[in-house]
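Contents: one structure, followed by commentary.
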Amino acid sequence: MKALVSQFHAIDITQLNRGGWLHPSTTYDWVWRTSKGAHVVTVTIAVRESALELSFPMESTRVLQRVSLAYSAGPHGGKRPWFTCPQCQRRVGVLYHIPSRPFFCRRCYSLAYPSQYHPRDRSYGRQHRMI
Ligand SMILES: [Zn+2]
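Once you know that position 50 of the sequence shown is 62 in my numbering, the rest is easy, because the numbers rise by one and skip nothing.
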């Protein structure tokens, strides 16, 4: 049985882009909480030229994962950003992880969407703050 995307934490390039979270030299914490408000995991995101550096806890340490960004032409002459999956190198809009695992795309984790599940609703409780 496939794991469900709802069991994973996701970062969405469209959301980061719309929120202005892709400016180089920006560093911030992306925090996931449970529906009861408990702190689940914090990923520190540092924006570099054409890449993000994701720092997150893995076992008793923190690891740094570099994710390259790619750009395609947008519908109104702008550029649409994509993540490059660190494992398969596909251009993807969303990367997933679970605690103690790196960020990979949905295909690399063989994730399925539950049938009555809205992918857009997965961001409940998300907060971030500038460092
Ligand atoms: Zn992948």
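Backbone N, C-alpha and C fix where the C-beta goes; we use that ideal spot for every residue, glycine too.
For clarity, every value in this text was computed on a predicted model and none was experimentally measured.
{"Query": "If you count every other CB in all the chains shown that lies within 10 Å of the CB of residue 121, and 16 or more means buried, which is it?", "Result": "buried"}
{"Query": "How many angstroms separate the CA atom of residue 98 from the CA atom of residue 48?", "Result": "32 Å"}
{"Query": "Please state the DSSP three-state secondary structure of residue 34.", "Result": "coil"}
{"Query": "Which residues in the same chain have their Cβ closer than 8 Å to the Cβ of residue 31, if we skip the five residues on either side of it in sequence?", "Result": "none"}
{"Query": "Residue 77 by DSSP, collapsed to three states: which one?", "Result": "strand"}
{"Query": "Report buried or exposed for residue 35, applying the criterion of at least 16 other Cβ atoms within 10 angstroms of its Cβ.", "Result": "exposed"}
{"Query": "Strictly closer than 7 Å from CB to any heavy atom of ligand 1: give me those residues in the order they appear in the chain.", "Result": "97, 99, 100, 102, 104, 116, 117, 119 and 120"}
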